[in-house]
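A short write-up of the structure that comes next.
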Amino acid sequence: DKLLQKYAPHIRVEAQLVFIDDIVLALQVILSGFIISGIVYGVTGVLTNGIITFLYILSLALSMLLQMYVLKKTTKLVITDKSLIFMYGTWNNNIIEYSLDKISNVIVNQPFLGRIFHYGEIKVISTSGAELQLWNRGLQVKNPEEITRLFAENA
Numbered sequence: 591d592k593l594l595q596k597y598a599p600h601i602r603v604e605a606q607l608v609f610i611d612d613i614v615l616a617l618q619v620i621l622s623g624f625i626i627s628g629i630v631y632g633v634t635g636v637l638t639n640g641i642i643t644f645l646y647i648l649s650l651a652l653s654m655l656l657q658m659y660v661l662k663k664t665t666k667l668v669i670t671d672k673s674l675i676f677m678y679g680t681w682n683n684n685i686i687e688y689s690l691d692k693i694s695n696v697i698v699n700q701p702f703l704g705r706i707f708h709y710g711e712i713k714v715i716s717t718s719g720a721e722l723q724l725w726n727r728g729l730q731v732k733n734p735e736e737i738t739r740l741f742a743e744n745a
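Just so you know, the sequence shown maps onto residues 591 to 745 in the working numbering.
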């Protein structure tokens, strides 16, 4: 947040990152855990084996949710008057800053769940036509239409 204070007077949009797809995946892992632990119990006939299997799979899902929480707390996407700024990092602060005049397009991919929960994955395209890589995963944001509207105003 100290880094954001530097840009505060010029911030036009601070995008909220969402991890809906990851949450759905974690819920699928938990559901699979129920099924797998039931199979283990059915095959072995020992309730403890089924419970241990479920707890192991549940811990995997909880670690996925913890990772999403940490990413949400340690990642910021900000658009100022002149640049797009992406800040991330748990132990180190990584800052990627692109000048708005070097960005030609913002593409929004909004799946079915995205239309329901108002989120979408954005891709930033430079004037050279290349997709700007911000980090090693898709960039899902809440209300992506606000970001595209801002870029349309600056075009």
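Each residue gets a CB set at the ideal place from its N, CA and C atoms; glycine is no exception. This structure is a prediction, so every number in the text was calculated from the model and none was measured.
Legend entry - Chain-order list of residues whose beta-carbon lies under 7 Å from that of PHE707 (same chain, five-residue window excluded): ILE610.
Legend entry - Burial state of SER622 (16 or more Cβ within 10 Å): By the Cβ neighbour-count rule, SER622 is exposed, with fewer than 16 other Cβ atoms within 10 Å of its own.
Legend entry - Status (buried if at least 16 other CB within 10 Å, exposed otherwise) for THR643: Under a 10 Å Cβ-count criterion, THR643 is classified as buried, with 16 or more other Cβ atoms of the shown protein chains found around its own Cβ.
Legend entry - SER622 - DSSP class collapsed to helix/strand/coil: The answer is helix: DSSP assigns SER622 an H, G or I state.
Inset, instruction - Might you give, ordered along the chain, the residues of its own chain that have their beta carbon closer than 8 Å to the beta carbon of ALA651, omitting 5 neighbours on each side? - result: Cβ within range, chain order: ALA616, LEU617, VAL619, ILE620, GLY623.
Inset, instruction - Taking 8 Å as the threshold, find out whether the region 719 to 726 comes into contact with the region 673 to 688 through three or more Cβ pairs. - result: Yes: the two stretches touch, three or more of their Cβ pairs being nearer than 8 Å.
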